[in-house]
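**Q** Numbering (this note's numbering), first residue to last: 428 to 676. Even glycine gets a Cβ: it sits at the ideal position worked out from N, Cα and C. Mind having a look at this structure? Questions to follow.
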């Protein structure tokens, strides 16, 4: 952690600010079943876990930062999941519907600690921004979830051309916010993408382990970063008082 209170806190999105509802696998199952692709939920969870745990470094960038490229990258990821399940690639219409399903407000749950913790951080003078490996539509999703107004910048890999842990996305975020690495903290749920990526550019990492991840790698690695269970724990780390209604755990 910085020796003094950070000027900027960067935050991941998935399993940091929000979780898929009812789960990553649950959203996939809705679309798969509607297209006659029937899979066991436990097998689907395992397939997603394997794909999340075996990222392709070649996908980290640089790559074309465009809406069409973002969609093609989603097809690549989802096709890997289907292949893990022994299913052939689906037509483009399937992937369009899956993309649209994940863009729905009903497919996401905002963790209850997030709004009050973000309010407390901003109220203390700490600036906030998002750094997330996400598709093109992340700013719009955060708008529908009533979170976008908390952030000075929403930096999503699809619009930058780099994916965490590549330093390109972190360097871009630092430039946008006009701060040096030592003035910032980055909070996320992935040891590789968030802790490793932030550490690589000199940003202090904080690992959040909510216990909701379908693909969490957090608790099993020796990463050296502070670990929190929710964003109230972040308030404690950076010296911001918890909201009065918050029960200390």
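In terms of DSSP beta bridges, what is residue 632 paired with?
**A** 613
**Q** Does the beta-carbon distance from residue 556 to residue 538 come in below 8 angstroms?
**A** Not closer than 8 angstroms, so no.
**Q** Is DSSP giving residue 523 helix, strand or coil here?
**A** helix
**Q** What do you get for residue 676, buried or exposed, if any count of 16 or more other CB atoms within 10 angstroms of its CB means buried?
**A** Annotation note: pLDDT 46 at residue 676 (below 50); position unreliable, no value reported.
**Q** Would you check if the distance between the CB atom of residue 454 and the CB atom of residue 524 is smaller than 8 angstroms?
**A** no
**Q** Report the residue from 634, 569, 607 whose alpha carbon sits nearest the alpha carbon of residue 542.
**A** 569
**Q** In chain order, what are the residue ranges of uninterrupted alpha helix (DSSP H) at least 4 long that sit wholly in the region 451-484?
**A** Within the region 451-484, the complete alpha helix (DSSP H) segments at least 4 residues long are 451-461, 468-480, listed from N- to C-terminus.
**Q** Helix, strand or coil: which one does DSSP assign to residue 559?
**A** strand
**Q** In whole angstroms, what separates the C-alpha of residue 631 from that of residue 461?
**A** 44 angstroms
**Q** Between the region 558-567 and the region 468-475, do at least 3 Cβ pairs fall closer than 8 angstroms?
**A** no
**Q** When DSSP labels each residue in this structure, what does residue 650 get in the three-state scheme?
**A** coil
**Q** Among 554, 521, 511, 656, whose alpha-carbon lies nearest the alpha-carbon of residue 576?
**A** Closest by alpha carbon: 554.
**Q** CA-CA distance, residue 494 and residue 600?
**A** 20 angstroms
**Q** Assign residue 660 to one of three DSSP states: helix, strand, or coil.
**A** helix
**Q** Residue 533: buried (16+ other C-beta within 10 angstroms of its C-beta) or exposed?
**A** exposed
**Q** Is the beta carbon of residue 633 less than 8 angstroms from the beta carbon of residue 614?
**A** yes
**Q** Measure from the alpha carbon of residue 677 to the alpha carbon of each residue in 661, 540, 587, then state which is nearest.
**A** Residue coverage of the chain in this structure runs from 428 to 676, which leaves residue 677 outside it and unanswerable.
**Q** Quick one: residues in its chain with C-beta nearer than 7 angstroms to the C-beta of residue 528, no 5 flanking neighbours on either side, listed in chain order?
**A** For residue 528, where only same-chain residues beyond five positions count, the Cβ hits under 7 angstroms are 454, 457, 458, 534.
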